[in-house]
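Structure record follows, encoded as C-alpha cells.
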C-alpha cells in the first residue's frame, strides 16, 4: 500500500475532550501521516478526484473542505511567523495575488484567552460583473490551546465588501500547524463558506461556484510558494539525501503546481541544448507569423482595391441610368409636341438626338465594361491569394 493511499487517522492536536466525528469531502484529497521521519513522503492526489473519502478527524480540527495537508522542512514557529506576521513571504504572496493596501494590527489577547489580529486589504478582481477592486476584512483568531513551538490553530474569517451578495456570506479558513520533529511541521488548511442569511437557490449556486474556485486557486498558489520558501530556507543543507527527498517532494505536486515551480537543470550542457532548440522553434514560428502577416496585408490591399472598383462601377451605372431616363423624357416631350400617339410614331419621324449626348452614353458604357474587366482580374488575383494562404496553412499543419 503506497503512502498516497493512506488516510488521516488522527488529528495533529489530540485532546481527550474532543469527540471524533466524520467529515465527508466532495473533492477527495487522499492524505497520509508522516510515520517515518518524512523519508517516504505522502503523495497528494488530484483535487478533481470524484470518489468520496471519509476521514475521522477531531471535531474542531477541520472546516468544510481540506486544501493543504503537507509536512514541510520548516519548524512550527517559523511556519507561524511566515504565515501570520508581516513577513517578506506574505508580502510577496499578496503581491502575486494582486492584493494591495494591506494593513494589519498586532496580535492582542482578548478576555477569553485567544489572540486576535485584523487585516484589511484591497483585492484586484478580473470579473467585469464585480468591478475592478473590492475591499476585504480578515479577522484572525489564534486559539488559546495553541502551544508555542508545538502547535498552532488559527481561524481566519474573511468578509468582502464590494462583491455581489457580499451581505449573504463570508468564508472561514482554518490553519493547523503541528510539530512533527525538531525541523519539520505539518500544515493543514481547510475552508468553509458560511452564510449570514440563507440566499435563494440560484444565488447560492453563484456564490459557491465563484467562492470555491477562488479559494482553491489561492491555496494552490500558497502551497507552491511555501515549497519554494522551504527550498530557500534549506538550500544551505549539504546532505544530498535531503536534497533528493526535497526534489521528490516537489514532484508530488499537481501538474498545474509543477508548471509554476521553476526547475533547475543539473547539467549545463543539457540546458544549453534546450535553449538552442527553443530558439530554433521560436525562429520558425516567427518566420511563419511574418509570412502570414504579409499575406494578410496583400489580401487587405486587394480588398480595398475591390471596394474602390465597386464604388466607381456604381457611379458609372448611375450615370448610364440617368442618361437613359433623360433620353426617354426627351422622346416623350417631342412626341407630345407633335400630338402623335407613341404607337403611330415611326423611326423616320423621330428626330435625331444630340450627338454629344449619345457619345457621352457610349463613353460611359465603355468605361463600365473596362471597370468590370478590372474587377474580374482583381477577383482572380484575390482567389489565387486565398489558395496560396490555404496551402501555407496546410503545410504548417503538416509540419
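In the numbering used here, the protein residues as written are 1423 to 1821. For each residue, glycine too, the CB sits at the ideal point set by N, CA and C. Only a predicted model underlies this, so the values are computations on that prediction, with no experimental measurement involved.
How should residue 1654 be labelled, buried or exposed, when 16 other C-beta atoms within 10 angstroms of its C-beta is the threshold for buried? exposed
Requested in this report: For residue 1606, count neighbouring C-beta atoms within 10 Å of its own C-beta (all shown protein chains included) and say buried if the count is 16 or more, exposed if not.
Outcome: buried
- Task: Kindly identify the DSSP beta-bridge partner or partners of residue 1722.
- Result: Looking at the DSSP assignment, residue 1722 forms no beta bridge with any residue, so it has no partner.
- [ ] Would you list the residues sitting across from residue 1617 in a DSSP beta bridge?
- [x] 1591
Exposed unless 16 or more other CB atoms sit within 10 angstroms - verdict on residue 1691 | Its pLDDT being 46, under 50, residue 1691 is placed unreliably in this model, and the coordinates cannot settle the point.
Nearest-angstrom Cα separation, counted from residue 1566 out to residue 1536
5 Å
Across which residues does DSSP place residue 1490 in a beta bridge pair?
1611
Fill in: Stretch-stretch touch, CB-based, cutoff 8 Å, three pairs: the stretch 1490-1497 with the stretch 1596-1611
yes
When you compare only the Cα positions, how much space is there between residue 1783 and residue 1748?
-> 11 Å
Query raised in the report: Around the C-beta of residue 1527, are 16 or more other C-beta atoms found within 10 angstroms, so that it is buried, or is it exposed?
Result: exposed
### Query
For residue 1645, which beta-bridge partners are listed by DSSP?
Note: residue 1645 sits in no beta bridge, so no partner.
Decide if residue 1578 is buried, meaning its Cβ has at least 16 other Cβ atoms within 10 Å, or exposed.
By the neighbour-count rule (16 or more Cβ atoms within 10 Å), residue 1578 is buried.
7 Å Cβ shell around residue 1617 - same chain, five flanking residues per side excluded:
1590, 1591
Check whether the Cβ atoms of residue 1583 and residue 1556 lie closer than 9 Å to each other.
-> yes
Quick one: give me the first and last residue of the alpha helix (DSSP H) that residue 1514 is part of.
-> 1510-1518
What are the boundary residues of the beta strand (DSSP E) that includes residue 1496? Element bounds for residue 1496: n/a, residue is neither H nor E.
Open item on the list: DSSP three-state label for residue 1566, please.
Closed with: Residue 1566: coil per DSSP, three-state reduction.
> So residue 1731 and residue 1793 are in contact, right, with Cβ under 8 Å, and what is the actual spacing, rounded?
Replying inline: 6 Å
Which word fits residue 1746, buried or exposed, when buried means at least 16 other C-beta atoms lie within 10 angstroms of its C-beta? exposed
DSSP beta-bridge partners of residue 1830: Lying outside 1423 to 1821, the shown extent of the chain, residue 1830 is not represented and no answer is given.
Worksheet item: Is it true that the CB of residue 1741 sits closer than 9 Å to the CB of residue 1780?
Response: no
Please classify residue 1791 as buried or exposed, where buried requires at least 16 neighbouring CB atoms within 10 angstroms.
exposed
Since residue 1522 sits in a beta bridge, which residues does DSSP pair it with?
1544
Check your understanding: What three-state label does DSSP hand residue 1554 in the structure shown?
Key -> coil
- Query: Anyone know if the C-beta pair for residue 1581 and residue 1614 falls short of 9 Å?
  - Reply: no
Subject >> DSSP-derived helix/strand/coil call for residue 1809 >> reply: The three-state secondary structure of residue 1809, taken from DSSP, is helix.
Check your understanding: Three or more beta-carbon pairs under 8 Å between the stretch 1509-1524 and the stretch 1642-1657, yes or no?
Key -> yes
Check: Less than 9 Å separating the beta-carbons of residue 1546 and residue 1558?
Finding: no
So what's residue 1581 in DSSP terms, helix, strand or just coil?
Strand at residue 1581.
Grouping DSSP H, G and I as helix and E and B as strand, with all else coil, what is residue 1746?
-> helix
Residue 1586 (DSSP reduced to helix, strand or coil): In the structure shown, residue 1586 adopts coil according to DSSP, grouped into three states.
Worksheet item: Per DSSP, what kind of secondary structure is residue 1597 in: helix, strand or coil?
Response: strand
Do residue 1724 and residue 1804 have their C-beta atoms closer together than 9 Å? yes
- Nearest-angstrom Cα separation, counted from residue 1733 out to residue 1585: 53 Å
- Sub-9 Å separation of residue 1587 and residue 1621 beta-carbons: yes
Worksheet item: Among 1625, 1525, 1799, 1638, which one has its Cα closest to the Cα of residue 1486?
Response: 1638
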